[in-house]
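Student:
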Amino acid sequence: MRIVTFHGMEQLAILSQKTVVCPLLLWGSLAISGGGVGLTQALGVTTVGMTNSHLILNVPVTTTLKDGTVLNATATPARILTGDPNNVAIIGRSMDAVNGYAAALRSQGIEPYLFSNSLDAGLTIPTIARQEFSALSDIYGGTIPDSVLPSTKMFQTNEAWAQLLKQQNYTVIDLGNPFVNPTPSLFYNAEQKVLFGGTK
Amino acid sequence: MISLTHDSEILDLKIREIFGDLETKGFIIQNASIKHTDAIGNYAEVVVKNKTTGRSILFWYIPPRIHPGGISIFLQNDSGDTFSLSEYLTQNKLESQLSRSIVLANYDGKFDENIESLLKAAKAIIFQYLDKYLFGGEWESIPIQWGDMK
Chain A
1 MRIVTFHGME
11 QLAILSQKTV
21 VCPLLLWGSL
31 AISGGGVGLT
41 QALGVTTVGM
51 TNSHLILNVP
61 VTTTLKDGTV
71 LNATATPARI
81 LTGDPNNVAI
91 IGRSMDAVNG
101 YAAALRSQGI
111 EPYLFSNSLD
121 AGLTIPTIAR
131 QEFSALSDIY
141 GGTIPDSVLP
151 STKMFQTNEA
161 WAQLLKQQNY
171 TVIDLGNPFV
181 NPTPSLFYNA
191 EQKVLFGGTK
Chain B
1 MISLTHDSEI
11 LDLKIREIFG
21 DLETKGFIIQ
31 NASIKHTDAI
41 GNYAEVVVKN
51 KTTGRSILFW
61 YIPPRIHPGG
71 ISIFLQNDSG
81 DTFSLSEYLT
91 QNKLESQLSR
101 SIVLANYDGK
111 FDENIESLLK
121 AAKAIIFQYL
131 DKYLFGGEWE
141 SIPIQWGDMK
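Protein sequences appear in the order of chains A and B. Under the numbering used here, the first sequence has 3 at position 3, and the numbering climbs by one with no breaks. Under the numbering used here, the second sequence has 88 at position 88, and the numbering climbs by one with no breaks.
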């Protein structure tokens, strides 16, 4: 494998109620294998569109259902909240999709902010929140009922995280529901409510 | 109705019986205490901690009142990173038999017998898979197992 460094200039159009267009100078590295396949191509990622092109990707993602069924889908933004283009967060109705999309962005030199074990930007998931969530998940066989979930510290931390994104003017990529999961998620619904004013 | 305090005393006793040998490796078994969170209500906790390394095993017993009852067992490091045995098993695809062995509802004997069986199963898992985290300097952050909730 050889590494090729490129410098490119792209126009970034931020999609929002209030569209803002600003130039973004992208500096990055592209790894090219002997067969000419780049890092993003190796991940099966296709960059689409001319606007927000460094953020808008088509990323193949998979998830495994409890019964072992493997689902494949393509994660791509359903909507983007305007914000600081240097601070990007991802939400969606599947952490597998969110993690897959985050990996694709990382391969382009963008480190997105996710709601996961180790948060930064001034917020961490408290140990007690993690343990309370795990304990309830244990006793309910892996799915905490919706009647219980809002009272958990994990849910409250998730809402606080979404509020922090808004306060700190993050650009938020909402991947929607790539696996067409028919079951609503209270976590995802709360994130959408805080960040976009409602579910899509 | 048997009190949570009574149940916690049994949990405390059984942990001392089964995990007592950890005291020779610098761990201290703290007395059971009753804790509370809004979502869980009251539950019992026993902490087994090595104050030198900061590594701990936490045992939580949730009584079958507001929720189905059960036991959760966590490893925790000195910076507060933590994961449960069940999360570790799920993440490493070591589920089925091992996972069932640490679910209290899968035992149908008397309370103290069930606790004892579960703790023995948990100890076997910890010593087979997690001893490097409990005794050594290694640590692994296990992702939160969201299941279908997020």
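Glycine residues also receive a C-beta, built at the ideal position from the N, C-alpha and C atoms. What you are looking at is a predicted structure, and each value in this text was computed from that prediction instead of being measured.
Given that Q145 (chain B) touches chain A, what residues does it touch there, using C-beta distances under 8 Å?
Tutor: Correct list: S134, S137 and G142.
Student: Shorter than 9 Å from the beta carbon of F196 (chain A) to some beta carbon of chain B?
Tutor: With 9 Å as the cut-off, F196 (chain A) does not count as an interface residue toward chain B.
Student: Of all the residues that make up the segment 160-177 of chain A, which are near chain B by a beta-carbon distance shorter than 9 Å?
Tutor: Cβ contacts with chain B come from no residue of the segment 160-177 of chain A.
Student: Using C-beta distances below 7 Å, list every residue in its chain close to Q17 (chain A), excluding the 5 sequence neighbours before and after it, in chain order.
Tutor: Low local confidence applies: a pLDDT of 34 at Q17 (chain A) is under 50, so the model's placement there is unreliable, and no value is given.
Student: Quick one: what's got a C-beta closer than 6 Å to L81 (chain A)'s C-beta in the same chain, skipping five residues either side?
Tutor: Contacts found: V172 and L195.
Student: I need the DSSP call for L150 (chain A), collapsed to helix, strand or coil.
Tutor: The sequence shown places Pro at residue 150 (chain A), rather than the Leu named in the question. Residue state, collapsed to three classes: helix.
Student: Please return the same chain residues whose Cβ sits closer than 7 Å to the Cβ of A135 (chain A), not counting the five positions on each side in sequence.
Tutor: For A135 (chain A), where only same-chain residues beyond five positions count, there are no Cβ hits under 7 Å.
Student: Please report how far the alpha carbon of Q128 (chain B) lies from the alpha carbon of K150 (chain B), in whole angstroms.
Tutor: Their backbone Cα atoms lie some 31 Å apart in a straight line.
Student: Near T74 (chain A), which residues of its chain fall below 8 Å by C-beta distance, leaving aside the five closest residues on each side in sequence?
Tutor: So the list reads N58, V59, P60, V61 and P178, once near-sequence residues are dropped.
Student: Would you tell me roughly how many angstroms separate the C-alpha atoms of E140 (chain B) and G54 (chain B), rounded to the nearest one?
Tutor: Their Cα atoms are separated by approximately 15 Å.
Student: For L58 (chain B) versus T82 (chain B), is the C-beta distance shorter than 9 Å?
Tutor: Cβ atoms of L58 (chain B) and T82 (chain B): closer than 9 Å.
Student: If we cut at 9 Å on Cβ distances, does G54 (chain B) have a partner in chain A?
Tutor: No, its Cβ sits nowhere closer than 9 Å to a Cβ of chain A.
Student: Of the residues B:I10, B:I2, B:S3 and B:S96, which one's Cα is nearest the Cα of S116 (chain B)?
Tutor: Position check: residue 116 (chain B) holds Glu in this sequence, whereas Ser was assumed. For E116 (chain B), the nearest C-alpha among the options comes from B:I10.
Student: Alpha carbon to alpha carbon, how far is I91 (chain A) from D108 (chain B)? Give it in angstroms, no decimals.
Tutor: Taking the straight line from one Cα to the other gives about 42 Å.
Student: Just to make sure I have the definition right: I need the residues of chain B whose C-beta is within less than 8 Å of the C-beta of S147 (chain A). Which are they?
Tutor: In chain order: nothing, as chain B lies at least about 11 Å away.
Student: Do Y140 (chain A) and V88 (chain A) have their C-beta atoms closer together than 9 Å?
Tutor: Going by C-beta atoms, Y140 (chain A) is not nearer than 9 Å to V88 (chain A).
Student: Can you tell me whether DSSP reads G28 (chain A) as helix, strand or coil?
Tutor: Unreliable placement is indicated for G28 (chain A), whose pLDDT of 28 sits below 50; no coordinate value is reported for it.
Student: Any beta carbon from chain B within less than 9 Å of P112 (chain A)'s own beta carbon?
Tutor: Not closer than 9 Å to any Cβ of chain B, the Cβ of P112 (chain A) fails to qualify, so no.
Student: Less than 8 Å between the CB atoms is what I'm expecting for L130 (chain B) and L75 (chain B), so what's the real figure, rounded?
Tutor: Correct: roughly 6 Å between the Cβ atoms.
Student: Residue range of the beta strand (DSSP E) that R79 (chain A) falls in?
Tutor: Taken as a continuous stretch (DSSP letters only), the beta strand (DSSP E) holding R79 (chain A) covers R79 to L81.
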